[in-house]
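Quick note: the sequence shown uses our numbering, first residue 460, plus one each step.
Please read the structure below before turning to the comments.
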Amino acid sequence: MSDAYRNPATTVDIIIEISLPNGNTGIVLIRRKNPPHGWALPGGFVDYGESLEAAAMREAFEETSLSVELVRQFHTYSDPRRDPRGHTISTVFIARASGAPTGADDAAEAAVFGPGELPDDMAFDHGEIIADYLAGRY
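Right under this line is the structure:
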């Protein structure tokens with residue numbers, strides 16, 4: 460098939476906000492079970508016939524065992540190099556949840572991180588997405 464007929468895959472990522480015991484807000488990250496390894500925002504591919512919002516809620520639950528309330532759409536990231544597996548376009552949502560996340564599906568683990576505690580080994584462009592979110596961009 461010619462490259463002229465190929466399209467990027469549609470994905471979603473979710474910034475899940477959770478209140479920390481100190482009153483600050485943390486975000487949920489997952490440690491990926493599959494390549495590319497590292498810490499990432501929960502998210503994944505949108506299924507055919509599924510809305511972006513439904514995909515975000517499904518992926519959040521599948522990877523963290525948390526039911527989320529979507530707050531708003533944050534931004535769309537489309538750099539063809541953002542995912543080493545191939546060209547994806549991701550719409551990022553901000554969501555809220557309560558409880559303790561548990562890694563499931565293709566997440567080896569899930570944890571809540573405060574703004575100054577983010578891991579160095581971030582997958583994809585998720586470090587950039589989180590930096591945009593923390594800076595109040597978009």
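Idealized CB from N, CA, C, for every residue including glycine.
Within 10 Å of its beta-carbon, does residue i have 16 or more other beta-carbons around it, so buried, or fewer, so exposed?
i, result
"residue 542", "buried"
"residue 502", "buried"
"residue 549", "buried"
"residue 582", "buried"
"residue 464", "exposed"
"residue 576", "exposed"
"residue 585", "buried"
"residue 470", "buried"
Helix, strand or coil, according to DSSP, for residue i in the structure here?
i, result
"residue 563", "coil"
"residue 479", "coil"
"residue 586", "helix"
"residue 575", "helix"
"residue 536", "strand"
"residue 460", "For residue 460, the pLDDT reaches just 49, beneath the cut-off of 50, and the residue's location in the model is therefore unreliable, leaving the point undetermined."
Residue range of the beta strand (DSSP E) that residue i falls in?
i, result
"residue 502", "502-504"
"residue 545", "Here residue 545 belongs to no beta strand (DSSP E), and DSSP marks it neither H nor E."
"residue 490", "484-491"
Mind checking who residue i pairs with in its DSSP beta bridge?
i, result
"residue 554", "475 and 529"
"residue 594", "Paired residues: none, contrary to the question."
"residue 499", "489"
Tell me which residue opens and which closes the alpha helix (DSSP H) that residue i is part of.
i, result
"residue 517", "511-523"
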